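Right, one structure below, let's go through it.
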Amino acid sequence: MHENFAPNVHPEEVAKFAAKAAQWWDPSGELRTLHQVNPLRIQFIREFCAVQGQRIVDVGCGGGILSEALAREGAQVLGIDLAEELVEVAKLHALEQGVEGVRYEHIGVAALAEREPESFDAATCMEMLEHVPRPAAVIKALARLVKPGGKVFVSTLNRNLKSYLFAVLGAEYILGLIPKGTHQYEKFIRPSELTAWARAVQLKPLAIRGIEYRPLSGKFRLGADVSVNYLIAFAKEA
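Numbering (this note's numbering), first residue to last: 633 to 870.
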């Protein structure tokens, strides 16, 4: 099967997150970290994208935390995910909250890029790349989805000893910030790898920021330390 059409998914990863569907919107539950870092993601996106009035696709949207936030900022948002249970959770929550400007679809990023190339002003892909077999193929699809000059925003985890200690041992097993078994260290991605994949598909890096955790305050902030969690903004060459 051609690589572009082979399923770029670990079924066990989809099932793992789908099983958390009922907890997705509990700000004090197992997935509370997603709620805590979401304002930082919005802050970072705003630096490089006007958001309001923009057409944005949120790839790997899960239960819709980022998608809804972008819609509340005035964007027209399409959230996509391969976990059908999460898509249904996202749809229901948006309906319950009366959030306009957001819709959801159970579809893969490659299929959407095939159907709607260069249709979006921006694309986001948060904490998903480390859960798929071929992350470079996701970057290629993201580049195809946005218009020339469009922006792509990606967050993932660096691969080094510190990230293993903090993101796996610390966050999952010691502090309990995220559910145990969420991450597999060997799937983490160095910024150099991510930017190489991006440059190969005409995505120019604009900026990189770290998402830093402060244990004493229990809060997250954007900073210069990209050794664990990091965000990168790209622009598609015109």
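Yeah, the Cβ is synthetic: ideal placement off N, Cα and C, and Gly gets one too. Keep in mind that this is a model prediction, so the values were computed, not measured.
Check	Outcome
Reference Arg687, options Leu744, Gly733, Ser660, closest by Cα	Gly733
Local conformation of Leu710 per DSSP, three classes	strand
Sheet register partners of Arg791 (DSSP bridge)	DSSP, once it has assigned bridges, lists no residue as partnering Arg791.
Sheet register partners of Lys868 (DSSP bridge)	Leu835
C-beta contact flag for Ile821 and Pro765 at 8 Å	no
Proximal residues to Val709 (C-beta, below 7 Å), its chain only, five neighbours per side dropped	Ile688, Asp690, Ser699, Leu702, Ala703, Gly733, Val734
Residue span of the beta strand (DSSP E) that contains Ala719, given as start and end	For the record, residue 719 in the displayed sequence is Val; it is not Ala. Val719 -> not in any beta strand (DSSP E); alpha helix (DSSP H) instead, spanning 716-729.
Straight-line gap, Phe752 to Lys779 (C-alpha atoms, nearest Å)	6 Å
For Leu777, three-class secondary structure by DSSP	helix
Best match in Val770, Ile771, Gly696 for proximity to Asn935 [C-alpha to C-alpha]	Residue 935 is absent from the model: the chain starts at 633 and stops at 870.
For Ile843: DSSP bridge partner residues	Leu854, Asn861
Residue span of the beta strand (DSSP E) that contains Arg735, given as start and end	734-737
Alpha carbon of Arg853 to alpha carbon of Thr788, nearest angstrom	15 Å
Which of helix, strand or coil DSSP assigns to Ile697	helix
Bounding residues of the beta strand (DSSP E) (the contiguous stretch that carries Arg687)	687-691
Within 8 Å, strictly: CB atoms of Phe676 and Lys783	no
Distance between Gln834 and Lys868 (C-alpha atoms, nearest Å)	6 Å
7 Å CB neighbourhood of Glu762 in its chain, flanking five on each side removed	Thr788, Leu789, His815, Lys819, Phe820, Ile821
Cβ distance (whole Å) where Pro893 is taken to contact Leu777 below 8 Å	The shown model of the chain, from 633 to 870, leaves out residue 893, and the question about it has no answer.
Contact set for Met760: own chain, Cβ-Cβ below 6 Å, skip 5 residues either direction	Gly692
Leu663 to Gly694 span [Cα, whole Å]	11 Å
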